[in-house]
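Visitor: Sequential numbering of the sequence shown, starting at 3, is according to the numbering used here. Supplied in structure tokens, the structure appears directly below.
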Amino acid sequence: MSTIIETHALTRDFTVRDGLRRKKIRAVDEMTFSVEAGSAVGYIGANGAGKSTTIKMLTGILVPTSGSVATCGLRPVQDRRLLARQVGVVFGQRSQLWWDLPVRESFTILAAIHRLTSEGERRRTDELVEQLEMGDFLSTPVRQLSLGQRMRAEVAAALLHSPQLVILDEPTIGLDVLSKQRLREFLVQERRSHGTTLLLTTHDMGDIERLCERVLVVDHGHLAYDGTLTGLSRRVGAQRVLVVDLAEPTSDLVGLPATQHLGSESRGLQQRLAFDAEHTTAAAVLAAVSERAEVRDLSIEEPDIEDVVRRLYAASR
Ligand SMILES: Nc1ncnc2c1ncn2[C@@H]1O[C@H](COP(=O)(O)OP(=O)(O)OP(=O)(O)O)[C@@H](O)[C@H]1O
Numbered sequence: 003m004s005t006i007i008e009t010h011a012l013t014r015d016f017t018v019r020d021g022l023r024r025k026k027i028r029a030v031d032e033m034t035f036s037v038e039a040g041s042a043v044g045y046i047g048a049n050g051a052g053k054s055t056t057i058k059m060l061t062g063i064l065v066p067t068s069g070s071v072a073t074c075g076l077r078p079v080q081d082r083r084l085l086a087r088q089v090g091v092v093f094g095q096r097s098q099l100w101w102d103l104p105v106r107e108s109f110t111i112l113a114a115i116h117r118l119t120s121e122g123e124r125r126r127t128d129e130l131v132e133q134l135e136m137g138d139f140l141s142t143p144v145r146q147l148s149l150g151q152r153m154r155a156e157v158a159a160a161l162l163h164s165p166q167l168v169i170l171d172e173p174t175i176g177l178d179v180l181s182k183q184r185l186r187e188f189l190v191q192e193r194r195s196h197g198t199t200l201l202l203t204t205h206d207m208g209d210i211e212r213l214c215e216r217v218l219v220v221d222h223g224h225l226a227y228d229g230t231l232t233g234l235s236r237r238v239g240a241q242r243v244l245v246v247d248l249a250e251p252t253s254d255l256v257g258l259p260a261t262q263h264l265g266s267e268s269r270g271l272q273q274r275l276a277f278d279a280e281h282t283t284a285a286a287v288l289a290a291v292s293e294r295a296e297v298r299d300l301s302i303e304e305p306d307i308e309d310v311v312r313r314l315y316a317a318s319r
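Next comes the structure, spelled out in structure tokens:
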């Protein structure tokens, strides 16, 4: 497999005012990592950890203070134009569409910028419109779209030229459950059919679970973890929670193997049980619950990213 992103001791400092004096902040600190072409990597960390600064250096928006970065085999700052043909970037908080124009016209302008042939433009637009279900709002000006519709249009705009690398900064922020699900399914499909590499920052564990086989955690500009999501949860001892709705009021389900009773509601009709994925499974906990009470319904809460990252930071200090 070839490498699509490669950084070596990548560093970026900012100078900020501190009262009357100026002081230096090291936003990214000697970061070394590589990403294989075709893989899907989640880039996570607390607010201010250095994620956006890294992404800006990968895409040539910011010049590194020191160290090196190669994206798609190119130098992002010097080769920014060439790189723009290979990379698609989606910033959840910022738009690259023309606000007053219908969605379709934004696509036409972008296709011209990327010099797609009219046949190429038609084929790709049709594919994206179908997969992202955009048919209903192609003629609507961007400013009139709902957030979910706009994000789908943003993703289509960033992927119109079929980039080999797609970098997404908080792509599902603020979206409802259905829109998130749709967007994730599209990205999985895009990767499967075109071998696209995905790098995304997110605060949503669902994005990582659904999309990424590898997670990089950044802490104060340093790489604090590089591995699978399961490995990360295991490392910090993050627990999953089984929530059961029972047929009858039941006393607290304490003492089940490898399980901790977190609480009960409605006279014990609903109970929450935390369990450690390394020592037991949801199925085993459910079987143990079923021996004591009749289960009507259940759901599983995954640990959230903020919690996992906090635990990882705490463990490394
Ligand atoms: N243009 C800038 N000038 C000065 N300081 C900056 C600038 N951009 C980022 N920083 C600082 O660099 C550090 C890393 O910021 P960065 O935006 O990369 O973090 P982040 O992990 O993306 O955070 P978030 O999740 O909040 O977006 C922070 O301390 C931030 O205040």
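Note that beta-carbon positions come from the ideal geometry of N, C-alpha and C, so glycine has one too. Note that this is a predicted model, so its numbers are computed, not measured.
#1: Secondary structure at Glu-132, three-state DSSP: helix, strand or coil?
#2: Assuming the contact rule is C-beta atoms closer than 8 Å, Val-37 and Ile-7 should be a hit. Round their C-beta distance to whole Å, please.
#3: What's the C-alpha gap between Ser-318 and Val-311?
#4: Here's a check: name, in chain order, each residue in its chain whose Cβ is nearer than 7 Å to the Cβ of Gln-151, leaving out the five neighbours to either side.
#5: So which residues put a beta carbon under 6 Å from any heavy atom of ligand 3, going in chain order?
#6: Given Leu-134, which residues of its chain have a CB within under 6 Å of its CB, disregarding the five upstream and five downstream residues?
#7: Mind checking who Tyr-227 pairs with in its DSSP beta bridge?
#8: Inspect the CB distances between the stretch 264-271 and the stretch 201-216 and report whether three or more fall short of 8 Å.
#9: Within a Cβ cutoff of 6 Å, which residues of the same chain sit near Leu-130, ignoring the five residues on either side of it in sequence?
#10: Consult DSSP for Ala-1 and reduce its assignment to one of helix, strand or coil.
#11: For Gly-44, list the residues DSSP reports as bridge partners.
#12: Return helix, strand or coil for Asp-31, following the three-state DSSP convention.
#13: Name the two residues that bound the continuous beta strand (DSSP E) containing Ala-240.
#14: By the DSSP assignment, the beta strand (DSSP E) with Ile-111 in it spans what residues?
#15: Starting from the N-terminal side, write out each stretch of the beta strand (DSSP E) that is 3 residues or longer and does not extend beyond the stretch 66-106.
#16: Tell me whether the stretch 156-171 and the stretch 188-199 touch, counting them as touching only if at least three CB pairs, one residue from each stretch, are closer than 8 Å.
#17: Please report how far the alpha carbon of Gly-69 lies from the alpha carbon of Arg-14, in whole angstroms.
#18: In the DSSP assignment, find the beta strand (DSSP E) that holds Gln-262 and state where it starts and stops.
#19: Would Arg-117 be called buried (16 or more neighbouring beta carbons within 10 Å of its own) or exposed?
#20: What residue range does the beta strand (DSSP E) around Gln-273 cover?
#21: Give the straight-line distance between the Cα atoms of Glu-192 and Glu-107, rounded to the nearest whole angstrom.
#22: Identify every residue that forms a DSSP beta bridge with Ser-301.
#23: Assuming Ile-175 contacts Ile-46 under a Cβ cut-off of 8 Å, what Cβ separation, rounded to an integer in Å, is found between them?
#24: In the DSSP assignment, what residue or residues form a beta bridge with His-10?
#25: Which same chain residues, not among the five before or five after Lys-53, have their C-beta less than 7 Å away from its C-beta?
Guide: The structure says:
#1: Residue 132 sits at position 130 when you count from the first residue of the sequence shown. Helix at Glu-132.
#2: Taking the first residue of the sequence shown as 1, we reach residue 37 at position 35. Taking the first residue of the sequence shown as 1, we reach residue 7 at position 5. Correct: roughly 4 Å between the Cβ atoms.
#3: For the purposes of this step, residue 318 is taken as the residue at position 316 of the sequence shown. For the purposes of this step, residue 311 is taken as the residue at position 309 of the sequence shown. Their backbone Cα atoms lie some 11 Å apart in a straight line.
#4: The count along the sequence shown starts at 1 and reaches residue 151 at position 149. Answer for Gln-151: Phe-139, listed in chain order.
#5: No copy of ligand 3 appears in this structure; the ligands present are ligand 1.
#6: Here residue 134 is taken as the residue at index 132 of the sequence shown, counted from 1. Answer for Leu-134: Arg-154, Ala-158, Phe-188, listed in chain order.
#7: Along the sequence shown, read from residue 1 onward, the residue named residue 227 stands at position 225. In DSSP, Tyr-227 forms a bridge with Val-219.
#8: no
#9: For this step, residue 130 is matched to residue 128 along the sequence shown. Answer for Leu-130: Ala-158, listed in chain order.
#10: Any property of residue 1 remains undetermined from this structure, which presents the chain solely from 3 to 319.
#11: By 1-based counting over the sequence shown, the position of residue 44 is 42. BP columns for Gly-44 point to Leu-202, Val-217.
#12: Here residue 31 refers to the residue found at position 29 of the sequence shown. Of the three classes helix, strand and coil, the one that applies to Asp-31 here is strand, per DSSP.
#13: Numbered from its first residue, the sequence shown carries residue 240 at position 238. From DSSP, Ala-240 is part of no beta strand (DSSP E); its letter is neither H nor E.
#14: Taking the first residue of the sequence shown as position 1, residue 111 is located at position 109. It is not in any beta strand (DSSP E) - Ile-111 instead sits in the alpha helix (DSSP H) that spans 105-115.
#15: 68-73, 89-93
#16: yes
#17: The residue given as residue 69 occupies position 67 in the sequence shown. The residue given as residue 14 occupies position 12 in the sequence shown. The straight-line gap from Cα to Cα measures roughly 9 Å.
#18: Along the sequence shown, read from residue 1 onward, the residue named residue 262 stands at position 260. Per DSSP, Gln-262 belongs to the beta strand (DSSP E) from 261-267.
#19: As a first step, residue 117 is located in the sequence shown; it is residue number 115 there, counting from the start. Counting Cβ neighbours within 10 Å, Arg-117 comes out exposed, since fewer than 16 surround it.
#20: If you number the sequence shown from 1, residue 273 lands on position 271. It spans 272-277 - the beta strand (DSSP E) in which Gln-273 sits, taken as one unbroken run.
#21: Residue 192 sits at position 190 when you count from the first residue of the sequence shown. Residue 107 sits at position 105 when you count from the first residue of the sequence shown. Distance between the alpha carbons of Glu-192 and Glu-107: 23 Å.
#22: For the purposes of this step, residue 301 is taken as the residue at position 299 of the sequence shown. Paired residues: Val-245.
#23: As a working note, residue 175 is residue 173 in the sequence shown. As a working note, residue 46 is residue 44 in the sequence shown. Between Ile-46 and Ile-175 the Cβ distance is about 13 Å, and since that is not below 8 Å, they are no contact.
#24: Taking the first residue of the sequence shown as 1, we reach residue 10 at position 8. Answer is Ser-70.
#25: Translated into the one-based positions of the sequence shown, residue 53 becomes position 51. Excluding residues within five positions, the ones whose Cβ falls inside 7 Å are Tyr-45, Gly-47, Thr-203, Val-220.
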